[in-house]
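**Q** Numbered by the UniProt record's numbering, the letters in the sequence shown go through residues 1 to 134 in order.
Glycine included, every Cβ here is placed at the ideal spot set by N, Cα and C.
Because the structure is a prediction, the values reported are computed rather than measured.
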Amino acid sequence: MKRKKQLQKTKVVKIDSRKSWEHHINGATNKGIPVMVHFSAYWCMPSMAMNPFFQELASTYQNVLFLNVDVDEVKEVASMLEIKAIPTFLLMNGGVPVHKTVGANPDEIGKKISCFIHQTQAPKSVNGIHEQTH
1 MKRKKQLQKT
11 KVVKIDSRKS
21 WEHHINGATN
31 KGIPVMVHFS
41 AYWCMPSMAM
51 NPFFQELAST
61 YQNVLFLNVD
71 VDEVKEVASM
81 LEIKAIPTFL
91 LMNGGVPVHK
101 TVGANPDEIG
111 KKISCFIHQT
121 QAPKSVNGIH
131 EQTH
């Protein structure tokens, strides 16, 4: 029972290899789910300080996949996405980056994900007229 509680505690998935990265990104892409990635390092205090905020975001946005990539453990992924500073937060959709925030800036990160989710869930327009759902 204790283990089950611990698993529910965080919705952030730790990526430990390129294979794991590809598996999660491909899965999210196939399901049409956006992905928010925290590129971090255990020795970077601003990165570690952002972990609780990132976990809170993961609990708030249930339809977004949240990943944590330690740049020292999974250098290949960090290099492939040209991550040059940490912490870096990358919002991806369809397997491609749509927004990057460098630095520990919770307000900016919160605004970007909220705005992105709002845009992707906005009512669809047909012939320039917005449909309203009740």
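Let me make sure I understand the geometry here. Which of Phe89, Cys115, Val12 and Val96 has the alpha-carbon closest to that of proline 46?
**A** Here the closest residue by C-alpha is Phe89.
**Q** Taking 6 Å as the limit between beta carbons, can you name the residues of its chain near lysine 2, skipping five residues before and five after?
**A** In this prediction, lysine 2 scores a pLDDT of 43, lower than 50, which makes its location untrustworthy; no coordinate-derived value is stated.
**Q** Does methionine 92 pass the burial test, meaning 16 or more other C-beta atoms within 10 Å, or should it be called exposed?
**A** Buried.
**Q** Within the continuous beta strand (DSSP E) that includes asparagine 105, where are the two ends?
**A** Element bounds for asparagine 105: n/a, residue is neither H nor E.
**Q** How many Å lie between serine 125 and glutamine 62 at the Cα?
**A** Note on serine 125: pLDDT 45, under 50, position unreliable in the model; the coordinate value appears next. Approximately 25 Å, taken between the alpha carbons.
**Q** Please return the same chain residues whose Cβ sits closer than 8 Å to the Cβ of alanine 85, not counting the five positions on each side in sequence.
**A** Val102 and Gly103
**Q** According to DSSP, is serine 40 part of a helix, a strand, or is it coil?
**A** strand
**Q** Going by DSSP, which residues form a beta bridge with aspartate 70?
**A** Secondary-structure assignment with DSSP links aspartate 70 through a beta bridge to Ser40.
**Q** Quick check: what's the CA-CA separation for serine 114 versus phenylalanine 53?
**A** 14 Å
**Q** Candidates Ala49, His118 and Val77: which alpha carbon is nearest arginine 18's?
**A** Selected option, being the one with the closest Cα: Val77.
**Q** Would the beta-carbon of serine 40 fall within 7 Å of that of proline 87?
**A** yes
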